[in-house]
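Asks: In this note's numbering, the protein residues as written are 3 to 389.
All C-beta atoms in this analysis are idealised placements derived from N, C-alpha and C, irrespective of residue type, glycine included.
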Ligand SMILES: Cc1cc2nc3c(=O)[nH]c(=O)nc-3n(C[C@H](O)[C@H](O)[C@H](O)COP(=O)(O)O)c2cc1C
Ligand code: SF4
Ligand code: SF4
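1. Between residue 384 and ligand 1, is the CB less than 7 Å from at least one heavy atom?
2. Cβ-heavy atom distance between residue 227 and ligand 1 below 7 Å?
3. In angstroms, rounded to a whole number, what distance separates the CA positions of residue 28 and residue 34?
4. Using 8 Å for Cβ pairs, my map puts residue 262 next to residue 227. What's the rounded Cβ distance?
5. Measuring alpha carbon to alpha carbon, tell me which residue in 42, 156 and 144 is nearest residue 1.
6. By the three-class DSSP mapping on this structure, what secondary structure does residue 366 have?
7. Among all the DSSP beta bridges, which residues are the ones paired with residue 1?
8. Count the CB pairs spanning the region 199-207 and the region 342-349 that are closer than 8 Å, and state whether there are at least three.
9. Just grab the DSSP bridge partners of residue 380 for me.
10. So is the beta-carbon of residue 169 under 7 Å away from any non-hydrogen atom of ligand 2?
11. Under 8 Å by Cβ, that's how I've got residue 366 and residue 164 pegged, so tell me the actual separation to the nearest angstrom.
12. Starting from the C-beta of residue 4, find all residues in its chain whose C-beta is less than 6 Å away, skip the five residues before and the five after it, and write them out in chain order.
13. Could you check where the beta strand (DSSP E) with residue 320 kicks off and where it finishes?
14. Go ahead and label residue 101 buried or exposed: buried means 16 or more other beta carbons lie within 10 angstroms of its beta carbon, across all protein chains shown.
15. Is residue 275 buried or exposed, if buried means 16 or more other CB atoms sit within 10 Å of its CB?
16. Quick check on the burial criterion: 16 or more other C-beta atoms within 10 angstroms. Buried or exposed for residue 99?
17. Pick helix, strand or coil for residue 42, following the three-state DSSP scheme.
18. With a threshold of 7 Å (Cβ to nearest heavy atom), would residue 195 be considered close to ligand 1?
19. From residue 167 to residue 272, what does the alpha carbon distance come to, in whole angstroms?
20. Assuming contact is defined by CB atoms lying nearer than 8 Å, are residue 108 and residue 153 in contact in what I supplied?
21. Assuming contact is defined by CB atoms lying nearer than 8 Å, are residue 352 and residue 341 in contact in what I supplied?
22. Rounded to whole angstroms, what is the Cα-Cα separation between residue 8 and residue 46?
23. Please report the residue range of the alpha helix (DSSP H) in which residue 133 lies.
24. Taking buried to mean at least 16 other C-beta atoms within 10 Å of its own C-beta, is residue 197 buried or exposed?
25. So does the region 279-290 actually touch the region 301-320, counting three or more Cβ pairs closer than 8 Å?
26. Starting from the C-beta of residue 307, find all residues in its chain whose C-beta is less than 7 Å away, skip the five residues before and the five after it, and write them out in chain order.
27. What three-state label does DSSP hand residue 143 in the structure shown?
28. By how many angstroms is the C-alpha of residue 218 removed from the C-alpha of residue 370?
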């Protein structure tokens with residue numbers, strides 16, 4: 003059998019066509035040949051393996067610089083793959099080491115987003131990677147379980163900051179990942195006033211799993227934390243800004259460049275989290291969330307069993323009782339979305355306790371001192387209005 007079909011174009015609008023025709027197409031031919039008992043397949047590649055050579059005329063001894071078609075040469079000899087090794091071209095070894103430059107690389111961006119700001123940044127990073135020829139899949143951390151990372155070369159984790167660290171759902175997701183020494187990684191976090199150790203923790207965890215850290219991005223996101231909103235402050239109301247979204251797209255392109263680079267110059271870690279914020283973070287750690295705060299949620303007499311809080315909870319921590327009223331469980335992120343989203347202001351929880359008031363005043367005062375952008379708001383009946 004002779005196989006010489008390939009997509010012979012230097013540019014096509016949809017770059018995945020190279021992968022589909024030249025790689026998957028060849029794989030199909032080989033698999034069909036195996037199934038049909040064909041004893042020999044001759045795969046004819048193309049002079050295009052030499053790219054745009056400097057030599058004129060160029061010969062078989064010229065340095066190969068393939069883009070796509072010859073990547074198919076790898077298919078018959080992939081681990082556990084098809085058939086016996088086949089005849090090599092002169093210079094084949096160097097061809098194989100270079101084919102990575104032309105293949106369609108795949109990235110997975112896993113993110114958690116409640117109010118959509120992390121989603122928006124994820125989309126723009128994905129757009130940047132795609133414009134550099136990458137295939138990108140997006141993954142919902144709170145809904146999609148643990149991904150199968152086979153086939154991916156790059157893993158991105160995106161999350162909002164909750165209490166100067168990642169939300170528990172993101173932490174659990176990252177901890178559940180397998181060894182990542184085959185992969186490169188990047189992290190992006192959204193924050194309203196101060197990201198604290200959110201990005202640092204994620205980067206360290208991914209590095210500890212063996213991933214090669216390709217970079218870090220942080221951007222602002224409108225901060226709907228109940229402690230601020232109920233005191234009349236919406237910090238970073240316009241985050242992520244257009245400039246931050248443009249930077250996110252540029253970050254995607256930079257990741258693509260860094261992926262092929264030997265030496266890396268990546269963004270530094272964020273600075274240390276001030277003591278007061280570490281204390282706050284300690285007060286809302288996971289065991290306190292499980293054993294103390296999750297037990298403080300209640301719906302008062304204004305609850306009409308509308309089910310809105312149940313629908314809003316990002317981790318299904320609320321179920322309906324027989325009468326339709328909400329019942330809270332202990333797997334809570336302490337995001338307070340149920341409290342803020344109730345159209346009858348019927349939800350009450352520990353966030354309203356006076357013990358937290360000094361911390362909230364401190365945070366607001368310091369956010370204002372750092373010149374964090376904000377607007378004044380009023381919140382009632384599930385809606386936040388600018389005033
Ligand atoms: C429960 C909760 C805690 C938060 N804690 C912090 C924080 O410690 N530091 C900060 O800068 N922003 C904090 N924020 C703001 C979010 O990180 C920010 O609004 C982010 O853009 C939300 O992302 P999302 O729209 O993808 O859900 C918090 C928000 C919530 C709801
Ligand atoms: S959103 Fe409010 S009114 Fe609706 S079920 Fe929940 S507590 Fe009750
Ligand atoms: S605070 Fe409310 S909405 Fe948020 S995770 Fe806990 S139960 Fe769900």
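Replies: Walking through what the data contain:
1. no
2. yes
3. 10 Å
4. No, residue 262 and residue 227 are not in contact; Cβ-Cβ is about 40 Å, not under 8 Å.
5. The requested residue 1 is not part of the displayed model; the chain covers only 3 to 389.
6. helix
7. Residue 1 lies beyond the stretch modelled for the chain, which goes from 3 to 389, so this question has no answer here.
8. no
9. 387
10. no
11. Not a contact, Cβ separation roughly 17 Å.
12. 44
13. 320-322
14. Per-residue confidence for residue 101 stands at a pLDDT of 37, beneath the threshold of 50, marking its modelled position as unreliable; the derived number appears in the next sentence. So residue 101 ends up on the buried side.
15. buried
16. With a pLDDT of only 33 at residue 99, under the threshold of 50, the placement of this residue in the model should not be trusted, and no figure is reported.
17. coil
18. yes
19. 12 Å
20. yes
21. no
22. 9 Å
23. 119-133
24. buried
25. no
26. 325, 326 and 327
27. coil
28. 26 Å
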